[in-house]
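Each remark here refers to the structure printed beneath this line.
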Amino acid sequence: MVLLFKLKNLRLGCSLFSCTFASKTRSFVVGDLKPSHFTLHPQFLYRYITTEISPTQNDFTVTYLINSCGLSSEDAISASKMVKLISPDRADSVLALLRSHGLSQPQISKVVKCCPRVLSSCPEKTLSPKLQFFSSVGVSREDLARSVAANPLLLTVSLRERIEPTYNFLRSMISEKNIVTVFKRRSRVFLGNHCNDVVLNIGLLRELGMPQSSISVLLSHYVHVVMHEHNKFGEVVGEVKEMGFNLESSNFVFALNALCGKIRSL
């Protein structure tokens with residue numbers, strides 16, 4: 001009797017392997033099983049099949065990010081967590097605007113990967129004014145495209161509250177041509193936190209007696225130095241003074257740059 005029972009179980013196991021699942025239609029076909037031998041509830045089959053189907057396979061946002069923005073599948077799925085597209089209309093307008101300002105497809109992909117929400121921004125009211133501003137102050141088409149791709153956050157900060165005040169502050173000390181150089185080298189200076197540190201650090205140098213000529217050299221050629229966090233910057237300035245450098249000498253700027261290079265780069 002024990003042997004007969006084991007044989008029946010073996011036949012049931014073989015019959016189970018004959019089940020064929022049609023996942024696309026979410027239906028199932030059972031092989032030569034008779035109701036008296038085996039019954040598999042349809043609800044169980046449905047649950048098994050649907051867990052094998054990725055919820056992103058038919059997601060419009062992921063498909064758009066891959067096909068229109070050039071993102072990889074992995075990057076598209078990650079970016080889709082930060083932006084949801086209902087239709088392609090606004091996103092298409094954003095991409096068209098970026099192309100009109102000289103951004104290549106690889107550069108656009110970098111922008112979207114870093115800041116997916118840019119696709120839901122208003123091209124006319126939010127993005128275009130910023131791009132036009134930088135063009136109006138002398139930034140070339142190539143440099144603008146390169147800087148935006150390297151620092152997409154430029155498209156997210158406020159023109160009136162961040163970009164324009166930073167420009168005006170720099171313009172009060174250096175020429176427009178040198179501001180363009182600053183933008184090309186360290187466009188992050190136009191972001192909020194860096195700008196605040198620059199103002200505080202320049203104020204400290206003025207209080208200590210650094211002449212405007214040296215400050216202009218510092219801003220024009222070594223702006224990354226004054227972009228350091230204010231407290232750390234003050235410590236480095238103290239070290240340079242202890243080394244015997246005079247704030248009125250251009251050598252102080254060179255020494256400051258050398259010591260700031262030891263701090264974690266921005």
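Per the UniProt record's numbering, the sequence shown starts with residue 1, numbered consecutively. Yeah, the Cβ is synthetic: ideal placement off N, Cα and C, and Gly gets one too.
Nearest by alpha-carbon distance to residue i: which of the options is it?
i, options, result
"residue 168", "255, 148, 134, 115", "134"
"residue 141", "103, 228, 68", "103"
"residue 71", "86, 137, 111, 220", "111"
"residue 268", "66, 69, 61", "Past the boundaries of the shown model lies residue 268; the chain is included only from 1 to 266, so the question cannot be answered."
"residue 90", "146, 123, 199", "123"
"residue 205", "185, 259, 234, 177", "234"
"residue 116", "100, 128, 99, 155", "155"
"residue 69", "105, 132, 97, 225", "105"
"residue 246", "202, 211, 178", "211"
"residue 132", "236, 207, 78, 159", "159"
"residue 177", "202, 203, 221", "221"
Would the beta-carbon of residue i fall within 8 Å of that of residue j?
i, j, result
"residue 138", "residue 180", "yes"
"residue 120", "residue 157", "no"
"residue 85", "residue 76", "no"
"residue 253", "residue 223", "no"
"residue 216", "residue 173", "yes"
"residue 240", "residue 219", "no"
"residue 209", "residue 164", "no"
"residue 184", "residue 128", "no"
"residue 198", "residue 152", "no"
"residue 162", "residue 114", "no"
"residue 259", "residue 236", "yes"
"residue 170", "residue 101", "no"
"residue 250", "residue 214", "yes"
In chain order, what are the residue ranges of uninterrupted alpha helix (DSSP H) at least 4 long that sit wholly in the segment 184-242?
192-208, 212-221, 230-242
Hey, which unbroken runs of the alpha helix (DSSP H) at 4 residues or more fall wholly within the segment 105-192?
105-114, 128-136, 141-150, 164-171, 176-185
Three or more C-beta pairs under 8 Å: does that hold for the segment 179-192 against the segment 228-240?
Segments in contact, no.
At 4 residues or longer, what runs of the alpha helix (DSSP H) sit wholly inside the segment 55-102?
DSSP runs (the alpha helix (DSSP H)) wholly in the segment 55-102: 60-67, 73-79, 89-100.
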